[in-house]
Amino acid sequence: MLLSWGAVRNGVHLDYGVPEFIRGELSRFFLYGVAAEIAVAIFGIPAFVLFRKFHITSWLWYSLGGAVISQLVNICLAMTGTLYFLTGQPSKLQACKDAVIPFFLCGVLSALLFRVFDSPAPV
Numbered sequence: 020m021l022l023s024w025g026a027v028r029n030g031v032h033l034d035y036g037v038p039e040f041i042r043g044e045l046s047r048f049f050l051y052g053v054a055a056e057i058a059v060a061i062f063g064i065p066a067f068v069l070f071r072k073f074h075i076t077s078w079l080w081y082s083l084g085g086a087v088i089s090q091l092v093n094i095c096l097a098m099t100g101t102l103y104f105l106t107g108q109p110s111k112l113q114a115c116k117d118a119v120i121p122f123f124l125c126g127v128l129s130a131l132l133f134r135v136f137d138s139p140a141p142v
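Every number in the working numbering is 19 more than the matching position in the sequence shown, counting from 1.
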């Protein structure tokens with residue numbers, strides 16, 4: 020989702036050819052994939068454990084939790100300058116603002132997936 024957002028936001032440039040474009044997209048996929056997995060390990064799994072401990076099963080609460088966590092990750096990535104590759108903005112504040120929507124969507128979808136895992140198995 021983040022790569023699609025970046026393509027819509029910045030456009031697709033084939034100035035250096037298709038192979039270079041593919042290499043660039045794969046490297047961004049790896050970069051954001053690693054960041055997403057680290058965010059899940061640091062924030063997502065502990066939040067999931069807390070939700071289970073307090074018997075929170077509401078789809079809304081899971082969505083809100085995912086939205087909050089995603090914005091924390093957005094801020095962390097913006098402050099390190101990593102979001103430049105997604106938004107094309109050299110300003111850290113502008114990069115953070117530009118990435119709010121895709122991070123929000125990713126966070127909510129991830130949290131809802133965690134909620135699916137928390138559902139009781141059908142008999």
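All C-beta atoms in this analysis are idealised placements derived from N, C-alpha and C, irrespective of residue type, glycine included. Model, not experiment: these values are computed from the prediction.
Residue of the options minimising C-alpha distance to residue i
{"i": "PHE62", "options": "LEU91, ARG42, LEU96, LEU112", "result": "LEU91"}
{"i": "ILE94", "options": "TYR81, SER82, TRP80, SER110", "result": "SER110"}
{"i": "LEU96", "options": "PHE40, PRO65, TRP80, ALA114", "result": "ALA114"}
{"i": "ILE88", "options": "GLU56, ARG47, GLN108", "result": "GLU56"}
{"i": "ALA86", "options": "LEU124, THR101, THR76", "result": "LEU124"}
Under the three-state DSSP convention, the category residue i falls into
{"i": "GLN108", "result": "coil"}
{"i": "ILE145", "result": "It is not possible to answer for residue 145, since the shown part of the chain is limited to 20 through 142."}
{"i": "SER89", "result": "helix"}
Whole-number beta carbon distance between residue j and residue i, since they are thought to touch under 8 angstroms
{"i": "LEU50", "j": "PHE40", "result": "With a Cβ gap of about 16 angstroms, LEU50 and PHE40 do not count as contacting."}
{"i": "SER82", "j": "ALA130", "result": "6 angstroms"}
(Q) Three or more C-beta pairs under 8 angstroms: does that hold for the region 122-141 against the region 65-74? (A) By the criterion of at least three beta-carbon pairs nearer than 8 angstroms, the region 122-141 is in contact with the region 65-74.
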